[in-house]
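Working notes for the structure below.
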Amino acid sequence: MDSFQLQLVVYLENGCRRDVIIVYHSIRSSYKILRVKPLRLLTMEK
Numbered sequence: 006m007d008s009f010q011l012q013l014v015v016y017l018e019n020g021c022r023r024d025v026i027i028v029y030h031s032i033r034s035s036y037k038i039l040r041v042k043p044l045r046l047l048t049m050e051k
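Per the working numbering, the very first residue in the sequence shown carries number 6; after that it's consecutive.
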């Protein structure tokens, strides 16, 4: 399996909920962080 997905649910101090999905690709050695609420896409390369 070249990539795997990790989903986290984060509750902030003010009670806001954030669904965070981390997608990691082992071949490219890169991962993307998707914040579902609100939707933002960050791509981070090593």
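Just so you know, even glycine gets a beta-carbon here, dropped at the ideal spot from N, CA and C.
DSSP places Ile27 within a strand segment (E or B) once states are collapsed to three.
Annotated three-state conformation of Ser34 is coil, per DSSP.
Your pair Val28 and Lys37 checks out as a contact, with CB atoms roughly 5 Å apart and the cut at 8 Å.
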